[in-house]
Amino acid sequence: MGLLLWPHFSLFAYSGLIEALRIASSVQKRSQKIRFKLSHISTYPDLPVVSSSGLSLRPEAAHAPPGNFDYIAAIGGGLEHLHQGHRGDRAFLTDAYHNNVPLIGIGTGSFILAEEGLLNERRASIHPHHHDVFTQRFPQVYAEQGLDFIDEGDLLTCPGGISTITLVTALIRAHGGDDIAATTSRRLSLPPHDAATPRPANIAMIPDSRLRRAVTIVEQYLTHPLNAARLAQDVKLSERQLNRLFHAEFGKTAREFIRSARLRYACWLLKNSQQSVTDIARRMRFSDCAHFIRHFQTEYGCTPGVWRTSQN
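Numbering (our numbering), first residue to last: 316 to 627.
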């Protein structure tokens, strides 16, 4: 992972990131299958970057070809300091995006991605303290609050703080497996997941912790391939047990809940983007446009085209 730090970057978010990767690296050395490595990079590697607490850190290397990294992350600082970052670092993020290297915006790092136009017509997880400012500045981004992270595949966003550890642990799990991720969480003395971060009100009110976790996964990975069987596996339930929980709480199966969540995002895209109905259907993981239109009409009582016209 390549890491770009902005002036007055959050030391809390930074510490969570490097400690989680350090622990994962020490745990996985037994198997030597995967190497969790972090490179501090900058347009000017000889110039130290001062954190929000006054601690200085000197990047270790200049930019390498973006393809050398599995991810490139940006940790921002206070909003009033974002303009102090290097123009070359912003250009590097844009270059990496166009070379299909996944980007991660941590804390106000998401503001940097949005300022470069990289989050247009995307979902982003924004800290509640910055949510209103973000939505005013970037109405073309579907900003959400209360989620530890949102993973859209090529773009990941995180509100910072302890949520940074949750995001990195998810990446460790994806690349190193459940055992390494679980050991990392345990050695970091993380509290139970539901206690780690406030949840959106509609999720926090769900009484069953397994169902809360399932709904959170749906929201975090909405544009990924996701089905009820995989979701049940992630929360350690059978598919039948999971569907019972969803039906008791929402009156619909897990599959129907996933579809409704995607249709909600589709509504936002219809209103706030110029994407075609076909492109939105594909992005929301519907098998074809007709399938998308049929379910949209069932959910909202009209076709996507009619809904878009009514909103404009």
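Just so it is clear, CB atoms sit at the ideal spot from N, CA and C, and this is done for glycine as well. Values in this document were obtained by computation on a predicted structure and should not be read as measured data.
Excluding the five sequence neighbours on either side, which residues of its own chain have a C-beta within less than 6 Å of the C-beta of residue i, listed in chain order?
{"i": "P360", "result": "P374, A376, A377"}
{"i": "A543", "result": "E554, A569, R570"}
{"i": "G400", "result": "W321"}
{"i": "F351", "result": "L336, A339, S340"}
{"i": "V550", "result": "R525, R528, A529"}
{"i": "A510", "result": "Low confidence applies to A510: its pLDDT is 37, below 50, so where it sits in the model is not reliable, and the reading given next is rough at best. Hits under 6 Å: none found."}
{"i": "D469", "result": "P417"}
{"i": "N558", "result": "T568, A569"}
{"i": "Y329", "result": "I390"}
At the level of alpha carbons, what is the spacing between residue i and residue j?
{"i": "L482", "j": "Y412", "result": "19 Å"}
{"i": "L584", "j": "S341", "result": "43 Å"}
{"i": "H610", "j": "Y457", "result": "22 Å"}
{"i": "S368", "j": "H323", "result": "8 Å"}
{"i": "G461", "j": "H442", "result": "7 Å"}
{"i": "T538", "j": "T409", "result": "21 Å"}
{"i": "L326", "j": "M316", "result": "18 Å"}
{"i": "M520", "j": "T531", "result": "12 Å"}
{"i": "I595", "j": "A605", "result": "12 Å"}
{"i": "I356", "j": "L319", "result": "6 Å"}
{"i": "Q556", "j": "A547", "result": "8 Å"}
Drop a sphere of 10 angstroms on the beta-carbon of residue i, count the other beta-carbons inside from all chains shown, and report buried for 16 or more, exposed for fewer.
{"i": "N415", "result": "exposed"}
{"i": "G475", "result": "buried"}
{"i": "C617", "result": "exposed"}
{"i": "R632", "result": "Residue 632 lies beyond the residue range present for the chain, which begins at 316 and ends at 627; the question has no answer from this structure."}
{"i": "F534", "result": "It is worth fixing the name first, because residue 534 is Glu in this sequence and not Phe. E534 is buried by the Cβ-count criterion."}
{"i": "P540", "result": "exposed"}
{"i": "R438", "result": "buried"}
Going along the chain, which residues of its own chain have a beta-carbon closer than 7 Å to the beta-carbon of residue i, five neighbours each way excluded?
{"i": "T499", "result": "A335, I338, A339, V342, T484, I487"}
{"i": "I333", "result": "L353"}
{"i": "G403", "result": "T358"}
{"i": "A496", "result": "T484, I487, R488"}
Using C-beta distances below 8 Å, list every residue in its chain close to residue i, excluding the 5 sequence neighbours before and after it, in chain order.
{"i": "Y386", "result": "M316, G317, V416, P417, L418, I419, L471, L486"}
At which residue ranges does the stretch 464-549 contain complete alpha helix (DSSP H) runs of 4 or more residues, listed in the order of the chain? Correct list: 478-491, 493-502, 508-511, 516-519, 524-535, 543-549.
Determine contact between the stretch 415-434 and the stretch 442-455, defined as no fewer than three beta-carbon pairs at a distance below 8 Å. Between the stretch 415-434 and the stretch 442-455 there are three or more C-beta pairs closer than 8 Å, enough to call the two in contact.
Decide if the stretch 448-455 is in contact with the stretch 523-541; the criterion is three or more beta carbon pairs, one per stretch, under 8 Å apart. In short, these stretches do not touch, since the Cβ pair count stays below three.
At which residue ranges does the stretch 579-616 contain complete alpha helix (DSSP H) runs of 4 or more residues, listed in the order of the chain? Taking 4 residues as the minimum length, the alpha helix (DSSP H) runs contained wholly in the stretch 579-616 are 592-598, 604-615, in order along the chain.
Segments assigned beta strand (DSSP E), at least 3 residues, entirely inside the stretch 336-411: The qualifying runs are 387-390.
Length-filtered (4 minimum) alpha helix (DSSP H) runs lying within the stretch 432-463: Those alpha helix (DSSP H) runs which fall completely within the stretch 432-463 and span 4+ residues are 443-452.
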